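Those sequence lines, one after another, are chains A and B.
In terms of the numbering used here, the first sequence is residues 150 to 495.
In terms of the numbering used here, the second sequence is residues 150 to 495.
We treat Cβ as the ideally placed atom computed from N, Cα and C, and that holds for glycine.
The structure presented is a predicted model; accordingly, all values stated were derived computationally and were not measured.
Structure record follows, encoded as structure tokens.
There are 2 protein chains.
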Amino acid sequence: MKATYMYGAGDVRIENVPDPVIQQPTDAIVRVVRSCVCGSDLHPYHSMQHSGAGRPMGHEMIGIVEDLGSAVSTLKRGDFVIAPFAFQDNTCVFCREGFQTSCIHGGWYGNTEVGGLQAELARIPQADGSLVSVPGIDERNELLPSLLTLSDVYLTGFHAAHMGQVSAGKTVTVIGDGAVGLSAVLASRQLGAERIILMGRHRSRTDLGIEFGATDVVAERGEGGIAKVMELTRGEGSHVVLEAVGHMPAYEQAYGVVRPGGVISRVGVPQYEEAPVGFGSLFGKNATLTGGPAPVRAYMEPAIQQVLNGQINPGRVFDRSVTIDGVPAGYRAMNNRDALKVLVTF
Amino acid sequence: MKATYMYGAGDVRIENVPDPVIQQPTDAIVRVVRSCVCGSDLHPYHSMQHSGAGRPMGHEMIGIVEDLGSAVSTLKRGDFVIAPFAFQDNTCVFCREGFQTSCIHGGWYGNTEVGGLQAELARIPQADGSLVSVPGIDERNELLPSLLTLSDVYLTGFHAAHMGQVSAGKTVTVIGDGAVGLSAVLASRQLGAERIILMGRHRSRTDLGIEFGATDVVAERGEGGIAKVMELTRGEGSHVVLEAVGHMPAYEQAYGVVRPGGVISRVGVPQYEEAPVGFGSLFGKNATLTGGPAPVRAYMEPAIQQVLNGQINPGRVFDRSVTIDGVPAGYRAMNNRDALKVLVTF
């Protein structure tokens, strides 16, 4: 099969590799129908050290079950499934508490043990917990892009809003106009926020943000951006800040605009380990810092219903489509900001 | 009057200074009945640069109203009052949201504009918002020590537990066996926690912690302490961690023992600005970091009732009593850990 590998910064290639096979009785093999490129894939695209073996890429996917290990009980061949971007048994103590990305038996795609999902076929560990079937969907369904966003991007935005305790009457500031940021806008609207300030400077993206529910757009960054949000909130600051970037300037903007007693919820994978948290940043104003890798499995069923009944259309974040051979060009387009988010068709 | 001043690390003196007077129509003058020394007073006691003018000390107090500005409407002379450790109007937008330590018209005691409360008399700004009267209490009441803890220490422990979302069925780890840590144990018990692990190594203090509701005591620190808490929680970690110290090793213990999806709530004033918050500490396991200066005014009325009806006896944290002239010795005793918390009588 064809699969995507990264060999270093800027070096993405499509390789012919052996088809994956069942290794554990809890595995499934899925034929990928749609995959995509994630904003977080751009972090190694910028900084990865050269690797002779390469790193299999991709963690978002919808597809059709091709084969099942003997212990898988909730799926059958031919099922249309969504794969959350991390795998999990969905039964352990942390899964039951709604934090499936910390599953005791779970893990991540895209390494030597578990391949990536920007590929024609995928081995899915812990298939009963890691695949969610959606009856009545076929490969030509127009909802495929939106269903694919439930693998990661939309529900990552939703996780930000959920952990940030977005609710009616609160002012929400979303930092970042990438696909996760726009998804956080859409999710905040679903959770009842009336005032949603989107910080971003790419007009085509912030326009989609407005369609998703943003009430204000702030194009300025840094101190100027903070001043603008403070002005929009009568000097009070934002109840909730959803940080969908992962770089330090976004974190600094977040604690600059959060209101006393407010919440900063991060879903952009932090590209830093240390950050200000003392009296001058978080502590002095009782600001809460939360967020992490989204346990999308926890939010899947209601979101599928919202997509199927047309209440949300998060698939609008896809503005370019490539085949598997076009994936390297897709990375380039996202890296150059020519594309917001790239869909991969098979 | 006599008042306490600090002139540098280790240098606390009692000075004769002019009595405070009404400066604003919203002020009150209160004759102090009980004050005390706070763990946070020990931070400058360790590190303050020499100051020729000195810094007035103390922010905890109960007393009797002596004089009132013309705009004060809810108090009268002779009222017995509790002063929260920060002053506030208790009407601004942040006060209404329950974060009175961020009051737009509020501030802190112990500076050139507003004196300290380890003194015979105190000027209280924004008196309607900053003093809570307790009818039927006189200067000989046996509940005075517990009422004094509502000025700061007990309700700071309560704030930690409240922000940490302590509730029935959760495991709570309290880091620090000082008076705030022990208060956090007592508050966690009030909020329904059944398993309360107290990390501290001073036997007389942890014994009081057990009386306050701790179910386990971990005397080890650092990696050993983390390992012990993980062992006590079947390798899962603690749902809530209440950090009542403020130094980096306590923060490191906190993220070491917090469970995926758990909450670290800090009330020890951080003696650092930068700290780990990235994938390896908070983000990877969706840990939440919260806390800050306690808005004790928000919690005052129900806590007064709990003290008056004997449900809680937080005044047990006081294990030494001094007069105003004995305050420097009280600092020394707390600094040497000879005393847990020092009461000042007048």
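(message) In whole angstroms, give me the CA-to-CA distance for A399/A and I461/A.
(response) On the first sequence, residue 399/A is found 250 positions in, with the first residue counted as 1. On the first sequence, residue 461/A is found 312 positions in, with the first residue counted as 1. A399/A and I461/A: Cα-Cα distance of roughly 27 Å.
(request) Determine the chain A residues that contact R415/B at a beta-carbon separation under 7 Å, and present them in chain order. (result) Taking the second sequence and counting its residues from 1, one reaches residue 415/B at position 266. Correct list: F432.
(message) Rounded to whole angstroms, what is the Cα-Cα separation between P425/B and G218/B?
(response) Position 276 of the second sequence, counted from the start, is the residue given in the question as residue 425/B. Position 69 of the second sequence, counted from the start, is the residue given in the question as residue 218/B. C-alpha separation (whole angstroms): 47 Å.
(request) Let me know the secondary structure DSSP gives Y421/B once reduced to three states. (result) Translated into the one-based positions of the second sequence, residue 421/B becomes position 272. Coil, per DSSP.
(request) Using only alpha-carbon positions, find the residue among S332/B, D356/B, G371/B and Q172/B that is nearest to E262/B. (result) Numbered from its first residue, the second sequence carries residue 262/B at position 113. The candidate whose alpha carbon is nearest that of E262/B is Q172/B.
(request) Show which residues of chain B have a CB atom less than 7 Å away from the CB atom of G464/A. (result) Taking the first residue of the first sequence as 1, we reach residue 464/A at position 315. Those within 7 Å of G464/A in chain B number zero; the least Cβ separation is about 26 Å.
(message) According to DSSP, simplified to helix, strand and coil, what is L511/B?
(response) Absent from the structure is residue 511/B, since the part of chain B shown begins at 150 and ends at 495.
(message) So with CB distances below 9 Å, who are the chain B contacts of S196/A?
(response) Residue mapping note: residue 196/A aligns to position 47 of the first sequence, counting from 1. Residues of chain B passing the Cβ test: none, with the nearest at roughly 14 Å.
(request) May I ask you to verify whether the region 263-270 of chain B touches the region 419-433 of chain B, counting CB pairs closer than 8 Å and requiring at least 3? (result) no
(request) Would you give the residue range spanned by the beta strand (DSSP E) that P409/A belongs to? (result) In the first sequence, the residue the question calls residue 409/A occupies position 260. V407 to R415 is the span of the beta strand (DSSP E), which, as asked, contains P409/A.
(message) Quick check on this structure: which residue in G203/A, P174/A, R180/A and C244/A has the alpha carbon closest to the alpha carbon of A220/A?
(response) For the purposes of this step, residue 220/A is taken as the residue at position 71 of the first sequence. Minimum Cα distance to A220/A is reached at P174/A.
(request) Quick one: which residues of the region 221-244 of chain B get their C-beta closer than 9 Å to a C-beta of chain C? List them in chain order. (result) In the structure shown, chain C cannot be found, because the protein chains are A and B.
(message) Using a Cβ-Cβ distance cut-off of 8 Å, determine whether E343/B contacts chain A.
(response) What you label residue 343/B is simply residue 194 of the second sequence in a count that begins at 1. With respect to chain A, the C-beta atom of E343/B has no partner C-beta closer than 8 Å.
(request) Rank V476/A, T250/A and V493/A by C-alpha distance to the C-alpha of M155/A and give the top, closest one. (result) Here residue 155/A corresponds to residue number 6 of the first sequence, with the count starting at 1. Closest option to M155/A, Cα to Cα, is V476/A.
(message) Please list, in chain order, the chain A residues whose beta carbon lies closer than 9 Å to that of S251/B.
(response) Position 102 of the second sequence holds residue 251/B. The contacting residues are R408, P409, G410, G433, K434 and N435.
(message) For a test of your reading of the model: does the CB of A488/A fall under 7 Å from any non-hydrogen atom of the ligand COA? Yes or no.
(response) The ligand COA is absent from the structure shown, which contains no ligand whatsoever.
(request) Quick one: list the residues of chain A neighbouring G429/B, beta-carbon separation under 9 Å, in chain order. (result) Stepping through the second sequence from its first residue, residue 429/B is reached at position 280. The answer, in chain order, is E422.
(message) Would you say E392/A lies against chain B (beta-carbon separation less than 8 Å)?
(response) Within the first sequence, numbered from 1, the residue matching residue 392/A stands at position 243. Using a Cβ-Cβ cut-off of 8 Å, E392/A does not count as an interface residue toward chain B, since no Cβ of chain B sits closer than that to its own.
(message) Does chain B have any CB closer than 8 Å to the CB of T355/A?
(response) Residue numbering aside, residue 355/A sits at position 206 when the first sequence is read from its first letter. T355/A has a beta carbon lying at 8 Å or more from every beta carbon in chain B.
(message) Going by DSSP, what residue range makes up the beta strand (DSSP E) through V329/B?
(response) Position 180 of the second sequence holds residue 329/B. Segment A328 to Q339 is the alpha helix (DSSP H) holding V329/B; no beta strand (DSSP E) there.
(message) So that I know if they touch, is there some Cβ in chain B lying closer than 8 Å to that of E401/A?
(response) Numbered from its first residue, the first sequence carries residue 401/A at position 252. At a cut-off of 8 Å between beta-carbon atoms, E401/A makes no contact with chain B.
(message) Just to make sure I have the definition right: I need the residues of chain A whose C-beta is within less than 8 Å of the C-beta of E215/B. Which are they?
(response) The residue you call residue 215/B lines up with position 66 of the second sequence. Chain A residues near E215/B: none, gap ~32 Å exceeds 8 Å.
(message) Please state whether the Cβ-Cβ distance between L347/B and V366/B is less than 8 Å.
(response) Working through the second sequence from its first residue, we reach residue 347/B at position 198. Working through the second sequence from its first residue, we reach residue 366/B at position 217. Result yes, Cβ atoms of L347/B and V366/B sit closer than 8 Å.
(message) Restricting to runs no shorter than 4 residues, where is the alpha helix (DSSP H) found entirely within the region 451-495 of chain B?
(response) 476-484
(request) Let me know the secondary structure DSSP gives T261/B once reduced to three states. (result) Residue 261/B sits at position 112 when you count from the first residue of the second sequence. In this structure, T261/B counts as coil in the three-state DSSP scheme.
(message) Looking only at its chain, what residues have a beta carbon closer than 7 Å to the beta carbon of G227/A, apart from the 5 residues adjacent to it on each side?
(response) What you label residue 227/A is simply residue 78 of the first sequence in a count that begins at 1. So the list reads I213 and V214, once near-sequence residues are dropped.
(request) Give the range of the beta strand (DSSP E) segment to which A447/B is assigned. (result) Position 298 of the second sequence holds residue 447/B. Unbroken run through A447/B: none, as it is neither H nor E.
(message) One question on the structure: do T305/B and S279/B come within less than 8 Å of each other, judged by their Cβ atoms?
(response) The residue given as residue 305/B occupies position 156 in the second sequence. The residue given as residue 279/B occupies position 130 in the second sequence. Cβ atoms of T305/B and S279/B: not closer than 8 Å.
(message) Does chain A have any CB closer than 8 Å to the CB of L381/B?
(response) Here residue 381/B refers to the residue found at position 232 when the second sequence is read from its first residue. Cβ-Cβ to chain A under 8 Å: no for L381/B.
(request) Put Q324/A into one of helix, strand or coil per three-state DSSP. (result) The residue given as residue 324/A occupies position 175 in the first sequence. According to the sequence provided, residue 324/A is Ile. The question's Gln does not apply to it. Strand, per DSSP.
(message) Could you give the first and the last residue of the continuous beta strand (DSSP E) run that contains S353/A?
(response) As a working mapping, residue 353/A is identified with position 204 in the first sequence. Segment R352 to F361 is the alpha helix (DSSP H) holding S353/A; no beta strand (DSSP E) there.
(request) Mind the definition here: the region 227-238 of chain B touches the region 296-305 of chain B only if three or more C-beta pairs lie below 8 Å; say whether that holds. (result) yes
(request) List the residues of chain A that T439/B touches, going by C-beta distances under 9 Å, in chain order. (result) Numbered from 1 along the second sequence, position 290 holds the residue referred to as residue 439/B. Those are V412, L431, N435, A436, T437, L438 and T439, listed as they occur along chain A.
(request) Taking 8 Å as the cut-off, decide whether the C-beta atoms of G207/B and A276/B are in contact. (result) Numbered from its first residue, the second sequence carries residue 207/B at position 58. Numbered from its first residue, the second sequence carries residue 276/B at position 127. Cβ distance not < 8 Å, so G207/B and A276/B don't count as in contact.
(message) Between the alpha carbons of G271/B and G325/A, how many angstroms are there, rounded?
(response) Locating residue 271/B in the second sequence gives position 122, counting from the first residue. Locating residue 325/A in the first sequence gives position 176, counting from the first residue. The question names Gly, but residue 271/B in the sequence shown is Ala. One C-alpha to the other measures close to 49 Å.
(request) Go ahead and pull the three-state DSSP assignment for G374/B. (result) For this step, residue 374/B is matched to residue 225 along the second sequence. Note: G374/B maps to helix in three-state DSSP.
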